[in-house]
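Residue numbers (UniProt numbering): 1 to 201.
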């Protein structure tokens, strides 16, 4: 499965010029953003909260922050497995219902419930707290084996191998062995709001 590029956007940009970077290796080419997405707006709001929560840890995230710090420097696979154990032990899966709402990490941790993207975003917080570079961790939006919309956490490991936390698929942390079909990646960097657009398989 090829995950080939992400498009970096400023927080208020929906159209115009942007950059495409290879996910995980950083080579850059120019690109044009052709349209907005409701997912971009939801991610932008969560990303702003996530940035602040990485700098000043809210009380509900204290355990998540400690976990990240404990796994700093460990392999991507070890980190993803630790994230899986932490999130599935502390967060009960509850779907949003008719309206798709994205929670920031502190909201999810405080409630103790969340759907797939809430759990993936909390996992992203732990990965970034563990020192994973922002271009090596992402929330991937796509489809599961049954064709349902779904979100997972991806972390790039040694040799560019992709490891995932998927609350619905406990069998393997390797993306290559999953039934997940990604369409969009969003993740944080120091500049603004990046979004990854993926080709259809």
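We put the beta carbon where it would ideally sit given N, CA and C, even for glycine.
So, are the CB atoms of residue 83 and residue 126 less than 8 Å apart? As a position in the chain shown, residue 83 is number 83, starting the count at 1. As a position in the chain shown, residue 126 is number 126, starting the count at 1. With contacts defined by Cβ atoms closer than 8 Å, residue 83 and residue 126 form a contacting pair.
- Message: From the DSSP secondary-structure annotation, give me the bridge partner or partners of residue 155.
- Response: As a position in the chain shown, residue 155 is number 155, starting the count at 1. DSSP lists 137, 163 as partners of residue 155.
* Asked: Of all the alpha helix (DSSP H) runs that stay within the bounds of the UniProt domain "Transglutaminase-like" (75 to 134), which reach a length of 4 or more residues?
  -> Fully enclosed alpha helix (DSSP H) runs of 4 or longer: 76 to 90, 105 to 111, 116 to 129.
- Is it right to say residue 68 is buried, meaning 16 or more other beta carbons lie within 10 angstroms of its own, or is it exposed? Position 68 of the chain shown, counting from 1, holds the residue named residue 68. Counting C-beta atoms within 10 angstroms of its own C-beta, residue 68 has 16 or more neighbours from the protein chains shown and is therefore classed as buried.
Practice task
Out of 158, 169, 151, point me to the one whose CA is closest to residue 75's CA.
Solution key: Working through the chain shown from its first residue, we reach residue 75 at position 75. Looking at 158, 169, 151, the one whose alpha-carbon comes closest to that of residue 75 is 158.
* Under a three-way DSSP split, which group does residue 213 fall into? -> Residue 213 falls outside the range modelled here, since the chain spans only 1 to 201, and no answer is possible.
**Study point:** Candidates 142, 148, 108, of which the one nearest residue 60 by Cα
**Key:** The sequence position of residue 60 within the chain shown is 60, counting from 1. Checked all of 142, 148, 108; the closest Cα to residue 60 is 108.
Original post:
Since residue 64 contacts residue 86 with CB under 8 Å, what's their CB separation in whole angstroms?
Top reply: Working through the chain shown from its first residue, we reach residue 64 at position 64. Working through the chain shown from its first residue, we reach residue 86 at position 86. Contact between residue 64 and residue 86 holds, with the beta-carbon distance rounding to 7 Å and staying under 8 Å.
Check: Taking buried to mean at least 16 other C-beta atoms within 10 Å of its own C-beta, is residue 104 buried or exposed?
Finding: Within the chain shown, the letter at position 104 stands for residue 104. Classification for residue 104: buried.
Query raised in the report: For residue 129, which of 44, 43, 66 has the nearest alpha-carbon?
Result: Working through the chain shown from its first residue, we reach residue 129 at position 129. The option with the nearest alpha carbon to residue 129 is 66.
When you compare each of 133, 137, 168 to residue 145 by their alpha carbons, which one comes out closest?
Within the chain shown, residue 145 is the residue found at index 145, counting from 1. Closest option to residue 145, Cα to Cα, is 168.
Using the C-alpha atoms, what's the distance from residue 80 back to residue 165? As a first step, residue 165 must be located in the chain shown, where it is residue number 165. As a first step, residue 80 must be located in the chain shown, where it is residue number 80. Rounded to the nearest angstrom, the two C-alpha atoms are 6 Å apart.
Do residue 153 and residue 123 have their beta-carbon atoms positioned less than 8 Å apart in this structure?
The count along the chain shown starts at 1 and reaches residue 123 at position 123. The count along the chain shown starts at 1 and reaches residue 153 at position 153. Yes; because the gap between Cβ atoms is below 8 Å, this pair is in contact.
Query - Reduced DSSP category for residue 168 - H, G, I as helix; E, B as strand; rest coil - result: Position 168 of the chain shown, counted from the first residue, corresponds to residue 168. The DSSP-derived three-state label of residue 168 is coil.
> So what does residue 149 bridge to, in DSSP terms?
Replying inline: Within the chain shown, residue 149 is the residue found at index 149, counting from 1. The partner list for residue 149 (beta bridge, DSSP) reads 143.
Q. For residue 174, which beta-bridge partners are listed by DSSP?
A. Residue mapping note: residue 174 aligns to position 174 of the chain shown, counting from 1. DSSP lists 163 as partners of residue 174.
Notebook entry, point to check: Where does residue 73 sit, in a helix, a strand or coil, going by DSSP?
Noted result: Start at 1 with the first residue of the chain shown, and residue 73 comes out as number 73. Reduced to three states, the DSSP call for residue 73 is coil.
Could you name the residues of the same chain whose beta carbon sits closer than 8 Å to that of residue 57, not counting the 5 residues immediately before and after it, in chain order? On the chain shown, position 57 is the one that residue 57 refers to. Excluding the 5 residues flanking it on each side, residue 57 has same chain C-beta neighbours closer than 8 Å at 65, in chain order.
*Three-state class that DSSP yields for residue 60 in the structure shown*: Within the chain shown, the letter at position 60 stands for residue 60. DSSP places residue 60 in helix when its eight states are reduced to three.
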